[in-house]
C-alpha cells in the first residue's frame, strides 16, 4: 500500500477506534446503572418486608 | 441619574472603597505586571525581534487582568455577600456593571504604570497600541467579570477562572497584537470593538442567570 | 416510539449509511485530480467536523431553552450535546492532522484555519466540563453551564474571524484547499457519508442522553428510598 | 402593592428542594396570610433555612410551587450571614443598602436604627471589628432598613446578648402588629406572645 493509502486507512481506523472505545466506556456506565438499579430494588423490597 | 445608574455607581464606589481600605488587589497587580516585564526582558534573546516584545505586552496585560479578576468576587464569596446584592431590588446586571467598572479601574491603573515601563524597557508604545489596550480592557473586564462570578460559584475558584477565561481571551489577544504589530491596524481595532460590543451585551444579559437559581 | 426502538432505528440507519457512503467513496467516486487517493479522507474528516459544529450549536440551543423555560430536560440535553461535540471535535483534529501529514508532510499547520478553530473550541469546551465538575448538581450548575454554552456558540464565529485576522501578522503558510470542486459522484458519496455520520452522532447522542436520564432518575429513587 | 391572593403573602404547594442527593424539603404545603407571624420550627437540617432562602428568592424550588406576593424591595431577610462588608464601616454598609433599596431620608433612617440597636457609637468602626452579636444587630438594621412588608428572619436571636435580645423583643412586638413575619427559631416560647401560627418541619 502506498503511504497515502496507509494514512487514509489510518484515519478511518482512528475514527472507528474512538467510536468503539466510546461504546465500550458507555457500556461500563450502563452496567453501573444496572447494578445501582438492582441495589435500589433490593432496598425497596427490604423496606416492604421490614 | 436613572435608578440603574445610581445602583451601578453605588456598587462601583463600594468596590473602590473596599480596595482603598484593604489595598490588596491594585498593589499586587502593579507589582505583578512590572515583574512580568522584567522577566520578559530576560526571555527575549538578543536576536529576538522587537515585534516579539510587543506581543509579550499583551501576555502581561491578560495575566495581570486575570490576577485582578481572581479577587473580583472574593469579598462577596467570602461571607456569602452575593446574597445581599441579589436580594436588593436593583437589576442583577447592575452588579455586573458595577464590578466591571471597578475592575476596569484597577486594570487601567496597572496599565498606567505598565505601559510607560514597557516603553522604557522595550521601546516606544505608539498611539494605536494605547487605543488597542483601551479597547481590549473593555472586553477583558466585561467577559472577565462574568467569568469571575461563574468561577466563584465553583469549588476550585482560582483554578477555574483562568481555564474559563483564557479561551475567551484569544480573540482579544489576536486583535491587540494585530493592532500593535500589523501595518494596517484599523481592521484589528474594529475587530476589538466588535468583540467588546458582542460580549459586553452577552455578559450583561446573562449575569442574572449566573448569580440566581 | 420507545427509546429502544428510536435508538436502534438510528443505529441501524447509521450503519447502513456509513457502510454505503464509505463504499461509494472508495469504489465509486473517482480519485481527486491532483490529490489522488489521499483525498479520500475528505469523506470522513468534513462530515465529522460539520457534526461537531452541529453538536455545539445544538448544545447552545438547548442551553437557551433552559435559560428561558428552566425545563428540567434541557440541561442534560445541552450537556450531552457538548460532550458529543468535544468527541467529534477530537476526531476532527485527529483526521485533520493525518490529512495534513499526507498533503504537506507535517502533523500540524497553523495555516489550517478550521483545525486552529477546533483547537480553540476544544480548549473552551474542556473548561465547560471543569465548570460542571466543580459545581454541585442543581439549578446553579445548570444555569452556569447554559450561560457558558451560549458563550461558546458566540465565540465560534468570532474566533474564526480572529484566526483569519491573525494571518495578517503571523504569515503562516496557507494550505487552504479552495473548496470542494467535486464531481457529481464525489458529491453524492460525500452526502451519503455525511448522512451516515449524522445518524451515528444522533444514535450516540440519544443513547448517552437516555443513560444520563436513567442516572438522574436513579438518584431520585435512591433518595426516595433513603 | 399587594397582589390580591386572598390576603395570602406566601403560598406553597408540594414544595420540594433538593441539594445534590439530599432532599431537604419533602412536599411542603403552607400559607402565610398577610399580617400573620408564622414560626418555623424543626431540628437542624430540617430545612428551616432552606425554606426562608426559597421565600427570599435566593434559591429555586426543585419541584412544586411557591408564590411570594411581594417585590424584592418589600422583603427583609435575615440569614445566618449578616451580609455586611467587613472592610466597610457600619454606616457605609447601611449607606450602600440604603441606596440600593432607595430608602427615603436615608441618613435619618440609618441613624434611628443604629441608635435603636445600640450601635450608634460604633457607627464609624469597620464591621470586621464587630463582635458576633454586634454583627447580628447590624444585620437586623440592614434587614429593617427599607421598612419591608414581609420579614424573613432565620433564628434572629442568634448570638445576641441579653440587651440585644431585649431590643429585638421590643422590635418584634411592634413589627408583628403591622407586618408579615416568617421566623425560623429554636426557641418558639420566646416568640409565642406575638406568633399567630407554627409550621413544624419534620
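Residue numbers (the numbering used here), protein chains in the order written: chain A, 978 to 1027; chain B, 15 to 227; chain C, 10 to 235; chain D, 18 to 219.
Just so it is clear, CB atoms sit at the ideal spot from N, CA and C, and this is done for glycine as well.
The structure displayed is predicted, hence computed values, not measured ones.
Query raised in the report: How should residue 166 of chain C be labelled, buried or exposed, when 16 other C-beta atoms within 10 angstroms of its C-beta is the threshold for buried?
Result: The residue in question, residue 166 of chain C, is exposed, as its Cβ has fewer than 16 Cβ neighbours within 10 Å.
Report task. Mark residue 202 of chain B as exposed unless 16 or more other C-beta atoms lie within 10 angstroms of its C-beta, in which case mark it buried. Result -> It counts as buried.
**Report entry** Those residues which DSSP pairs with residue 214 of chain D across a bridge
**Finding:** Per the DSSP secondary-structure output, residue 214 of chain D pairs in a beta bridge with D/55.
Query raised in the report: Which value, in whole angstroms, describes the spacing of the CA atoms of residue 225 of chain B and residue 163 of chain B?
Result: Each residue's CA atom was taken as its position, placing residue 225 of chain B and residue 163 of chain B some 7 Å apart.
**Report entry** Which of helix, strand or coil DSSP assigns to residue 83 of chain C
**Finding:** Helix, per DSSP.
Query - Whole beta strand (DSSP E) elements within the region 81-134 of chain D, 3-residue minimum - result: Runs of the beta strand (DSSP E) lying entirely within the region 81-134 of chain D and spanning at least 3 residues, in chain order: 92-95.
**Report entry** From D/148, D/133, D/215 and D/142, residue whose alpha carbon lies closest to that of residue 183 of chain D
**Finding:** Of the candidates D/148, D/133, D/215 and D/142, the one whose C-alpha sits nearest the C-alpha of residue 183 of chain D is D/133.
Query raised in the report: For residue 40 of chain C and chain D, any beta-carbon pair shorter than 8 Å?
Result: No, no contact with chain D.
Query raised in the report: In chain order, which alpha helix (DSSP H) runs of at least 4 residues are fully inside the region 94-149 of chain C?
Result: Annotation note: the region 94-149 of chain C contains the following uninterrupted alpha helix (DSSP H) runs of length 4 or greater, listed N- to C-terminal: 122-142.
Requested in this report: Tell me whether residue 125 of chain B sits in a helix, a strand or coil according to DSSP, three-state version.
Outcome: DSSP places residue 125 of chain B in helix when its eight states are reduced to three.
**Report entry** Where residue 192 of chain B meets chain C, residues with beta-carbon distance less than 8 Å
**Finding:** What residue 192 of chain B touches in chain C: 174, 175, 177 and 178.
Requested in this report: Count the other CB atoms, across all protein chains shown, that sit within 10 Å of the CB of residue 166 of chain D; report buried if there are 16 or more and exposed otherwise.
Outcome: Buried, because 16 or more other Cβ atoms sit within 10 Å of the Cβ of residue 166 of chain D.
Query raised in the report: Mind checking whether residue 92 of chain C and residue 155 of chain C have CB atoms under 8 Å apart?
Result: The beta carbons of residue 92 of chain C and residue 155 of chain C sit no closer together than 8 Å.
Query raised in the report: Where residue 196 of chain C and residue 38 of chain C are concerned, what is the direct C-alpha to C-alpha distance, given to the nearest angstrom?
Result: Roughly 8 Å separates the two Cα atoms.
Query raised in the report: For residue 188 of chain D, which three-state DSSP category applies?
Result: Three-state DSSP puts residue 188 of chain D in a helix.
Query raised in the report: Listed in chain order, which residues of the region 52-79 of chain D have Cβ atoms closer than 7 Å to some Cβ of chain C?
Result: Residues of the region 52-79 of chain D whose Cβ lies closer than 7 Å to any Cβ of chain C, in chain order: 77.
Query - Chain-ordered residues of the region 87-105 of chain B with a beta carbon less than 7 Å from chain D - result: From the region 87-105 of chain B, only 89, 93, 94, 95, 97, 98, 100, 101, 102, 103 and 104 have a Cβ closer than 7 Å to chain D.
Query raised in the report: What residues in the region 80-95 of chain D have a beta carbon less than 8 Å from any beta carbon of chain B?
Result: Correct list: 88, 89, 90, 92 and 94.
**Report entry** Residues that DSSP places opposite residue 34 of chain D in a beta bridge
**Finding:** In DSSP, residue 34 of chain D forms a bridge with D/42.
Query - Best match in B/142, B/111 and B/157 for proximity to residue 22 of chain B [C-alpha to C-alpha] - result: Among B/142, B/111 and B/157, the Cα nearest to that of residue 22 of chain B belongs to B/111.
**Report entry** Identity of the residue in B/94, B/43 and B/75 nearest residue 152 of chain B by Cα
**Finding:** Taking only the C-alpha atoms, the option nearest residue 152 of chain B is B/75.
Report task. Can you give me the start and stop residues for the beta strand (DSSP E) that residue 169 of chain D sits inside? Result -> Residue 169 of chain D -> beta strand (DSSP E) spans 167-171.
Query raised in the report: Would residue 185 of chain B pass as a contact of residue 209 of chain B if the rule is Cβ separation under 8 Å?
Result: Yes, these two residues count as a Cβ contact at 8 Å.
Requested in this report: Under 7 Å Cβ to Cβ from residue 82 of chain B, same chain only, skipping five residues before and after it: list those, please.
Outcome: Cβ-Cβ distances below 7 Å link residue 82 of chain B to 39, 43, 117, 120 and 121 in the same chain, with the five nearest sequence neighbours on each side left out; the list follows chain order.
Query raised in the report: In its own chain, which residues sit with a C-beta less than 8 Å from the C-beta of residue 57 of chain C, not counting the 5 before and 5 after it?
Result: Around residue 57 of chain C: 97, 100, 101, 104 and 206.
**Report entry** Residues that DSSP places opposite residue 45 of chain C in a beta bridge
**Finding:** For residue 45 of chain C, the pairing in a beta bridge is given by DSSP as C/41.
Query raised in the report: With 16 other CB atoms within 10 Å as the buried threshold, where does residue 20 of chain D fall?
Result: For residue 20 of chain D, the predicted structure reports a pLDDT of 49, less than 50, and the residue's modelled location is therefore unreliable. A value from the coordinates is still provided. Per the 10 Å Cβ criterion, exposed.
Requested in this report: Express the C-alpha separation of residue 135 of chain B and residue 55 of chain B in angstroms, rounding to a whole number.
Outcome: The alpha-carbon atoms of residue 55 of chain B and residue 135 of chain B are separated by roughly 7 Å.
Query raised in the report: From the beta carbon of residue 991 of chain A, is the nearest beta carbon of chain C less than 8 Å away?
Result: Yes, residue 991 of chain A counts as interfacial toward chain C.
Query raised in the report: With a CB to CB cut of under 7 Å and the five nearest residues on each side skipped, what residues in its chain are close to residue 140 of chain C?
Result: Excluding positions up to five away in sequence, the list reads 153, 154 and 157.
Report task. Could you tell me which of B/196, B/78 and B/65 sits nearest to residue 41 of chain B, measuring between CA atoms? Result -> With respect to the C-alpha of residue 41 of chain B, the residue from B/196, B/78 and B/65 having the closest C-alpha is B/78.
Query - Own chain residues within Cβ distance below 7 Å of residue 107 of chain C, not counting five before or after - result: Same-chain partners within the cutoff: 50.
Report task. Give the secondary structure of residue 139 of chain B by DSSP, where H, G and I count as helix, E and B as strand, and everything else as coil. Result -> Three-state DSSP puts residue 139 of chain B in coil, outside helix and strand.
Requested in this report: Specify, as a first and last residue, the run of the beta strand (DSSP E) that residue 201 of chain D falls within.
Outcome: Per DSSP, the continuous beta strand (DSSP E) segment holding residue 201 of chain D begins and ends at 197-201.
**Report entry** Buried or exposed by the 16-neighbour rule on C-beta atoms within 10 Å, applied to residue 78 of chain D
**Finding:** Buried, by the Cβ-count rule.
Query - Residues from the region 104-130 of chain D in contact with chain B, defined by Cβ distance under 8 Å - result: Going along the region 104-130 of chain D in chain order, one finds 104, 105, 109, 113, 114, 116, 117, 118 and 119 with a Cβ nearer than 8 Å to chain B.
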